[in-house]
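Here is the structure we will look at.
There are 2 protein chains.
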Amino acid sequence: MPTPDRTTLDAIVAAARDLLEEDGLAGVTMQGVAVRVGVRAPSLYKRVENRDRLIQLVAEETLLELTARLDAAADARTLLDTYRAFGKERPAAFRLVMTPGAGTPVADTAVQAAASTAILRISAGLAGETDALEAARLLTAWATGFISMELNGAFRLGGDIDRAWDYGIAHLVDAITR
Amino acid sequence: MPTPDRTTLDAIVAAARDLLEEDGLAGVTMQGVAVRVGVRAPSLYKRVENRDRLIQLVAEETLLELTARLDAAADARTLLDTYRAFGKERPAAFRLVMTPGAGTPVADTAVQAAASTAILRISAGLAGETDALEAARLLTAWATGFISMELNGAFRLGGDIDRAWDYGIAHLVDAITR
DNA sequence: ACCTGAACACCGTTCAAGT
DNA sequence: ACCTGAACACCGTTCAAGT
Numbered sequence: 454m455p456t457p458d459r460t461t462l463d464a465i466v467a468a469a470r471d472l473l474e475e476d477g478l479a480g481v482t483m484q485g486v487a488v489r490v491g492v493r494a495p496s497l498y499k500r501v502e503n504r505d506r507l508i509q510l511v512a513e514e515t516l517l518e519l520t521a522r523l524d525a526a527a528d529a530r531t532l533l534d535t536y537r538a539f540g541k542e543r544p545a546a547f548r549l550v551m552t553p554g555a556g557t558p559v560a561d562t563a564v565q566a567a568a569s570t571a572i573l574r575i576s577a578g579l580a581g582e583t584d585a586l587e588a589a590r591l592l593t594a595w596a597t598g599f600i601s602m603e604l605n606g607a608f609r610l611g612g613d614i615d616r617a618w619d620y621g622i623a624h625l626v627d628a629i630t631r
Numbered sequence: 454m455p456t457p458d459r460t461t462l463d464a465i466v467a468a469a470r471d472l473l474e475e476d477g478l479a480g481v482t483m484q485g486v487a488v489r490v491g492v493r494a495p496s497l498y499k500r501v502e503n504r505d506r507l508i509q510l511v512a513e514e515t516l517l518e519l520t521a522r523l524d525a526a527a528d529a530r531t532l533l534d535t536y537r538a539f540g541k542e543r544p545a546a547f548r549l550v551m552t553p554g555a556g557t558p559v560a561d562t563a564v565q566a567a568a569s570t571a572i573l574r575i576s577a578g579l580a581g582e583t584d585a586l587e588a589a590r591l592l593t594a595w596a597t598g599f600i601s602m603e604l605n606g607a608f609r610l611g612g613d614i615d616r617a618w619d620y621g622i623a624h625l626v627d628a629i630t631r
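For the protein sequence lines, the chains are A and B, in the order given.
If you want my numbering, it's the position in the first sequence, counting the first as 1, plus 453.
If you want my numbering, it's the position in the second sequence, counting the first as 1, plus 453.
Quick look at the structure:
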């Protein structure tokens, strides 16, 4: 007689996602996830291969959500503001996806590629098709570095961080526009 | 009768530093460090408070070395190339210092501030004193994001990464120059 | 004064035994 | 077919006992 299912993969990923924001990557333990979904740790292995795979699933869920939001942006400033807002909303997930350490499980290539289409579209509009890739990389590298530093509290020399963000957007858009 | 010292704090930090590059942050275990310096794990606690403090010491050693190299740069391109070369030489240490995750031990504030003086000096020369801080943040955010993405293999859409780097420097320097 | 084995509280993961 | 306790190999850290 089969036991009824006491949890689902979606519930497990959601619990891991919440634990990630609350306690950081190291806080995402199989025991912690198990408690949240109401089973014992060994039961999780019926639905997910291991902890690395679970982290990868959280990374992919994060990128899919981010991609959906970026795709809705019509211009560079909106796109970059959306990106930054996502980082502030889910700082740990942002770091997991954008600046994973060595050994950190990483999202599938296709999921990652999809996240680039919005910035490529907008960069092509500003810089032209020839320089679209380089312009997209300039904008992406800047925004990713800026948001990472902001989340890490790395802007330590005073000044207005919002002003630095606006300064960056204005000068970058100007620089890449033909 | 006292036992002769079998290791030193410097040797412990150096072993941790090497393990970091070889096996990543998770690979820096007290047991692993102990084996490298020729003692048992409990003995390490005579010289360093705990693992977090050891990681912090590695972060500070990394920043001091990086600061020394950046201070020697005379112009923006040299500074940025030096920064990128350091990232490629010590990728795990670069990530530890520039994009630490939540809960990762972080260098002392004074050590971090010292690493900013070179970029501030050069930014002031290009953008003027009024915009020096914003310009420094633009350059730093871009370079940090670019190098992080490069180390993570995040440039996945083909194209020439060196060309994207040169494109970035040229357009940024142009953008912030009065 | 430094070093060590033993111990404790955690991890991730496996597996036989339950329902 | 799913769930669990028990077990194993790891961690970081403490501490009494050795020299």
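Where a beta carbon is used, it is the ideal one built from N, C-alpha and C, also for glycine.
Whole-Å CB distance - residue i paired with residue j, under 8 Å assumed
{"i": "leucine 519 of chain A", "j": "alanine 526 of chain A", "result": "11 Å between Cβ atoms; not a contact."}
{"i": "alanine 546 of chain B", "j": "arginine 470 of chain B", "result": "7 Å"}
{"i": "tyrosine 536 of chain B", "j": "isoleucine 600 of chain B", "result": "7 Å"}
{"i": "leucine 586 of chain B", "j": "valine 626 of chain B", "result": "In fact, because the Cβ distance is near 17 Å, the residues do not count as touching under 8 Å."}
{"i": "valine 486 of chain B", "j": "leucine 497 of chain B", "result": "6 Å"}
{"i": "valine 501 of chain B", "j": "leucine 462 of chain B", "result": "7 Å"}
{"i": "glycine 581 of chain A", "j": "glycine 598 of chain B", "result": "With a Cβ gap of about 23 Å, glycine 581 of chain A and glycine 598 of chain B do not count as contacting."}
{"i": "methionine 483 of chain B", "j": "alanine 494 of chain B", "result": "5 Å"}
{"i": "proline 544 of chain A", "j": "leucine 604 of chain A", "result": "5 Å"}
{"i": "histidine 624 of chain A", "j": "alanine 628 of chain B", "result": "4 Å"}
{"i": "valine 550 of chain B", "j": "alanine 538 of chain B", "result": "Between alanine 538 of chain B and valine 550 of chain B the Cβ distance is about 15 Å, and since that is not below 8 Å, they are no contact."}
{"i": "valine 564 of chain A", "j": "leucine 516 of chain A", "result": "5 Å"}
For residue i, the first and last residue of its enclosing alpha helix (DSSP H)
{"i": "arginine 489 of chain A", "result": "483-490"}
{"i": "glycine 621 of chain A", "result": "614-629"}
{"i": "arginine 470 of chain A", "result": "462-476"}
{"i": "alanine 697 of chain A", "result": "Lying outside 454 to 631, the shown extent of chain A, residue 697 of chain A is not represented and no answer is given."}
With contact counted as at least three CB pairs below 8 Å, one residue from each stretch, are the segment 573-589 of chain A and the segment 562-580 of chain B in contact?
Taking 8 Å as the limit for Cβ pairs, the verdict is that the segment 562-580 of chain B does not touch the segment 573-589 of chain A.
Which ranges does the alpha helix (DSSP H) cover as unbroken runs of at least 4 residues, wholly within the segment 501-584 of chain B, from first to last along the chain?
Note on the segment 501-584 of chain B: whole alpha helix (DSSP H) runs with a minimum of 4 residues are 504-524, 529-542, 544-551, 562-567 and 570-580, in chain order.
Just checking, does the segment 603-619 of chain A make contact with the segment 582-594 of chain A on the three C-beta pairs under 8 Å criterion?
no
When you compare the segment 507-518 of chain A with the segment 558-569 of chain B, are there three or more beta-carbon pairs, one atom per stretch, that lie closer than 8 Å?
no
Could you tell me whether the segment 603-612 of chain B touches the segment 454-469 of chain B, where touching means 3 or more Cβ pairs closer than 8 Å?
no
With a threshold of 8 Å, are at least 3 pairs of Cβ atoms found where one atom belongs to the segment 553-564 of chain A and the other to the segment 472-483 of chain B?
yes
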